[in-house]
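Following: one structure in structure tokens, then a few remarks.
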Amino acid sequence: MKPVLVVDFGAQYAQLIARRVREANVYSEIVHHNITASEVAAKNPAAIILSGGPSSVYEENSPQLDPAILKLGIPVLGICYGFQVLAQALGGRVDKTGKREYGATQLNLNSSGVLLGNQPMQQICWMSHGDQVMVAPEGFDVLASTDTTPVAAFESKAQQIYGVQWHPEVKHSEQGQNVLTNFLYQGAGIEPTWNSGNVIAEQIEKIRAQVGDARVICGLSGGVDSAVAAALVHKAVGDQLTAVFVDHGLLRKGEREQVERDYVAATGIRLITVDAEEKFLSALAGVADPETKRKIIGREFIRTFEEAERKLIAEAAADSRPIKFLVQGTLYPDVVESGGGATAGIKSHHNVGGLPEDLQFELVEPLRTLFKDEVRAIGAELGLPHEIVQRQPFPGPGLGIRIVGEVTKQRLELLREADAIVREELSAAGKDLEIWQCPVVLLADVRSVGVQGDGRSYGHPIVLRPVSSEDAMTADWSRLSYDLLAKISNRITNEVADVNRVVLDITSKPPGTIEWE
Ligand code: XMP
Numbered sequence: 001m002k003p004v005l006v007v008d009f010g011a012q013y014a015q016l017i018a019r020r021v022r023e024a025n026v027y028s029e030i031v032h033h034n035i036t037a038s039e040v041a042a043k044n045p046a047a048i049i050l051s052g053g054p055s056s057v058y059e060e061n062s063p064q065l066d067p068a069i070l071k072l073g074i075p076v077l078g079i080c081y082g083f084q085v086l087a088q089a090l091g092g093r094v095d096k097t098g099k100r101e102y103g104a105t106q107l108n109l110n111s112s113g114v115l116l117g118n119q120p121m122q123q124i125c126w127m128s129h130g131d132q133v134m135v136a137p138e139g140f141d142v143l144a145s146t147d148t149t150p151v152a153a154f155e156s157k158a159q160q161i162y163g164v165q166w167h168p169e170v171k172h173s174e175q176g177q178n179v180l181t182n183f184l185y186q187g188a189g190i191e192p193t194w195n196s197g198n199v200i201a202e203q204i205e206k207i208r209a210q211v212g213d214a215r216v217i218c219g220l221s222g223g224v225d226s227a228v229a230a231a232l233v234h235k236a237v238g239d240q241l242t243a244v245f246v247d248h249g250l251l252r253k254g255e256r257e258q259v260e261r262d263y264v265a266a267t268g269i270r271l272i273t274v275d276a277e278e279k280f281l282s283a284l285a286g287v288a289d290p291e292t293k294r295k296i297i298g299r300e301f302i303r304t305f306e307e308a309e310r311k312l313i314a315e316a317a318a319d320s321r322p323i324k325f326l327v328q329g330t331l332y333p334d335v336v337e338s339g340g341g342a343t344a345g346i347k348s349h350h351n352v353g354g355l356p357e358d359l360q361f362e363l364v365e366p367l368r369t370l371f372k373d374e375v376r377a378i379g380a381e382l383g384l385p386h387e388i389v390q391r392q393p394f395p396g397p398g399l400g401i402r403i404v405g406e407v408t409k410q411r412l413e414l415l416r417e418a419d420a421i422v423r424e425e426l427s428a429a430g431k432d433l434e435i436w437q438c439p440v441v442l443l444a445d446v447r448s449v450g451v452q453g454d455g456r457s458y459g460h461p462i463v464l465r466p467v468s469s470e471d472a473m474t475a476d477w478s479r480l481s482y483d484l485l486a487k488i489s490n491r492i493t494n495e496v497a498d499v500n501r502v503v504l505d506i507t508s509k510p511p512g513t514i515e516w517e
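Be aware that the sequence shown starts at 1, since it is given in my numbering, and climbs by one per residue.
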């Protein structure tokens, strides 16, 4: 499918636009604003969207667009800064009026045109700009205005060029998705045919072409990315793939079984589980410092994986099909954030907790073009267990960084029980999609006095850290109902020995991080 190119003018808007385009069942790719017209032409895009950005077109060295791109005859939509870039390039007038518009803004339509077709004449949109388009380029229809912005949207159907001052990609813009689909379907004439079924077929073909008849290994973390990546590769090359799952003893309740039993049953993947609990726990003995814990877990993980790898390599050599490839669940945001380079360096190793830099394998990264929600959709389509596909983010170092204090087997067991209760109750209350994740933390070095049964207790507190977030970069604490919190608290203090207090973390990020360590 021909891509829609989203030209990135800085800030975080481009990713969101690219996601919204895909939600409209159209394939999108993000490109840097210094892309040339010939590079654009080589990509043969169905349309181009110019993103917003933090600059002013008046600043020296503000990002510009190769003007020849507008002469390629490809439909273009400019958003916010991209709208002003268009206005300036096409002979309109952009002024620095000193009047800023920020946040929810009342928009008045003069005429719907193609871009604002089937929309109410008055609506709320999300603005964030200082400069204003005062005069539209010649031959353009002005579609909307606000109290402070005379030209808030324009279009030239003949030139297939469209623009809006506001951010249609932001959910606060009431008709935002409608603006995008009007542009994509009507303005650019694109058929909405991109879906997870296509992605699967396309990726299977690509994987087969890359791998040939060589053997492939994959580290499974229990998380959704590696699970879907491995399932795709397995669908493409079957038993040429071996998956390795390291049980480091820091997993949550039922996770190993989910992978070993349910995931294998759903995919038929050849799986090797490495039992490494004792090794990890003895390496962690006596360690309470969070960074030291993380380093130890990372190091042990690499060693354990390498050991499994060596065994597999020896086995593969015996049947003369060498292992040449390693599957990674790298996602599109990782690729974009690391500059969109060929291989996403350190970040691409993130999923399996860090693999050696001098790895002798070529990477297979079937999720490189996908966002998390698309990965989940593909996982569901591939028939993976719901518990894996909908799993909330869980850190590589596992429960090891959710015990404040030394990590011991007994403390892990206690935390595992408390965590299972929280997950069960959140799911039962239908909160899985609303909450980004809910770390459950054991304050192993803290004790407080309580009264349980007929006597005094002196137990540990458990901290609940439910957060809502878009991308984990920032987060807010989730306002769970008191009834739900009460139920969780009751169950934990009744069912988990040695815990006599449950507390709620009501800190946003920043200043707090999501995890406690
Ligand atoms: P923080 O605690 O930095 O976490 O606000 C942001 C997100 O990253 C996850 N996280 C990790 N994931 N390895 C991972 O794979 C790690 O070492 C790690 N540390 C934090 C955390 O769960 C949250 O989703």
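For glycine and all other residues, C-beta sits at the position ideal for the given N, C-alpha and C. Being a predicted model, the structure only gives us computed values, none of them experimental.
Element boundaries [alpha helix (DSSP H), containing residue i]
i      : result
GLN132 : That residue, GLN132, is in no alpha helix (DSSP H); its beta strand (DSSP E) goes 132 to 135.
GLN88  : 81 to 89
ILE378 : 372 to 381
ALA231 : 224 to 237
VAL407 : No alpha helix (DSSP H) contains VAL407, which DSSP labels as neither H nor E.
GLY197 : 196 to 211
LEU70  : No alpha helix (DSSP H) contains LEU70, which DSSP labels as neither H nor E.
ARG19  : 13 to 23
ASP334 : 332 to 337
heavy atom of the ligand XMP below 7 Å from residue i C-beta
i      : result
THR513 : yes
PRO395 : yes
GLN437 : yes
ALA229 : no
ALA472 : yes
ARG294 : yes
LYS372 : no
LYS509 : yes
Residue environment, residue i, which counts as buried when at least 16 other CB atoms sit within 10 Å
i      : result
SER348 : Only weak support is given to the placement of SER348: the predicted model assigns it a pLDDT of 33, under 50, and the question is left unresolved by the model.
HIS386 : exposed
LEU433 : exposed
ASP319 : exposed
PRO439 : buried
ILE269 : buried
GLY212 : exposed
ARG479 : exposed
ILE421 : buried
THR181 : buried
GLN106 : exposed
ASN538 : Shown here, the chain extends from 1 to 517; a query on residue 538 therefore has no answer.
GLY189 : exposed
ALA444 : buried
VAL446 : exposed
Cutoff 8 Å; reference residue i; Cβ partners in own chain excluding five residues on either side
i      : result
GLY286 : GLU406
PHE361 : ILE217, ILE323, LYS324, PHE325, LEU326
ILE207 : LEU232, VAL233, ALA236, VAL237, VAL364, PRO366
ARG100 : HIS129, GLY130
Same chain, Cβ closer than 6 Å to residue i, five either side skipped, listed in chain order
i      : result
ALA344 : Only weak support is given to the placement of ALA344: the predicted model assigns it a pLDDT of 27, under 50, and the value that follows is read from those uncertain coordinates. So the list reads THR330, ASP334, VAL335, SER338, once near-sequence residues are dropped.
GLU174 : GLN123, ILE124
ASP262 : PRO385
GLN203 : LEU232, PRO366
HIS248 : ALA276, PHE280
THR267 : ALA231, HIS234
Residue i - containing beta strand (DSSP E), residue span
i      : result
ARG93  : 93 to 95
ASN490 : Premise fails: ASN490 lies in the alpha helix (DSSP H), 482 to 495, not in any beta strand (DSSP E).
ALA37  : ALA37 -> not in any beta strand (DSSP E); alpha helix (DSSP H) instead, spanning 37 to 43.
ASP505 : Per DSSP, ASP505 belongs to no beta strand (DSSP E) and is neither H nor E.
ASN108 : 101 to 109
VAL389 : Premise fails: VAL389 lies in the alpha helix (DSSP H), 386 to 389, not in any beta strand (DSSP E).
LEU241 : 241 to 247
ASP498 : Segment: none, ASP498 is in no beta strand (DSSP E) and carries neither H nor E.
ILE401 : Where ILE401 is concerned, there is no enclosing beta strand (DSSP E), given that its DSSP letter is neither H nor E.
SER28  : 28 to 32
GLU59  : Unbroken run through GLU59: none, as it is neither H nor E.
heavy atom of the ligand ATP below 7 Å from residue i C-beta
i      : result
ALA316 : Looking for the ligand ATP in the displayed structure turns up nothing; the ligands present are the ligand XMP.
Residues near residue i in its chain [Cβ-Cβ closer than 7 Å; skip 5 each side]
i      : result
GLU138 : GLY91
PRO192 : ALA24, ASN25, VAL26, TYR185
SER469 : TRP436, ALA475
Along the chain, which unbroken stretches of the alpha helix (DSSP H) at least 4 residues long are found entirely within the region 256 to 324? 264 to 267, 277 to 284, 290 to 318
Which ranges does the beta strand (DSSP E) cover as unbroken runs of at least 3 residues, wholly within the region 425 to 476, from first to last along the chain? 440 to 443, 448 to 452, 455 to 464
Which runs of the beta strand (DSSP E) spanning at least 3 residues fall entirely within the region 129 to 178, listed in chain order? 132 to 135, 141 to 145, 153 to 156, 161 to 164
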